[in-house]
Every structure is written in structure tokens, then in C-alpha cells.
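Just so you know, the sequence shown maps onto residues 2 to 70 in this note's numbering.
Below is one structure, written out as C-alpha cells, with a few remarks after it.
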Amino acid sequence: SIATVSLRRLSRCHGSVTAAFRLTVAIDKAMTLTAEAKAAGARLSEERGAETASALLKAEADRLVSSAP
């Protein structure tokens, strides 16, 4: 009947809308995780940079102390 066909079409449409919504939510989560990962990477890079700078300064200080009269 026409009602059954209409109900099937509505069901398919609703399924598509639901799938699209779920996809949108998944994309949003992925973008959030990507931003968090980039921020964590930047923090790690800063920490490693600080550790490297500290190590270089310590090595230079040790060199100066050892070469002092």
C-alpha cells in the first residue's frame, strides 16, 4: 500500500539521517582527538627542547669549569 511504501521511504531516510549524524559525531571526535594529539606533541617538543637546552648549558658550564685556571 501507499502507507507501507511511505513508511519504508521514511525509515530509509531516517536511517540515512541517523547515519549522517553518527558520522558527524565521529568526525567531531576525531578532530578533537587530533587537536589534543597536536597539543600533546607541542608540549612534548617544548619539554624535549628544554631538556636539550639544559643539557647543552650544563655541558658548556662543565667545559668552562674544567678549563678554568
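The beta carbon of each residue, even a glycine, is placed where N, CA and C say it ideally should be.
Spatial distance of residue i from residue j (CA atoms)
i, j, result
"His15", "Ala31", "24 Å"
"Thr35", "Ala54", "28 Å"
"Arg9", "Thr19", "15 Å"
"Asp29", "Leu65", "54 Å"
"Ser7", "Ala21", "21 Å"
"Glu47", "Leu58", "16 Å"
"Gly50", "Ala60", "15 Å"
"Ser68", "Glu52", "24 Å"
"Ser12", "Ala40", "42 Å"
"Gly42", "Ala4", "56 Å"
"Ala27", "Ser2", "37 Å"
"Arg44", "Glu37", "11 Å"
Span of the alpha helix (DSSP H), counted from its first residue to its last, around residue i
i, result
"Ala20", "3–68"
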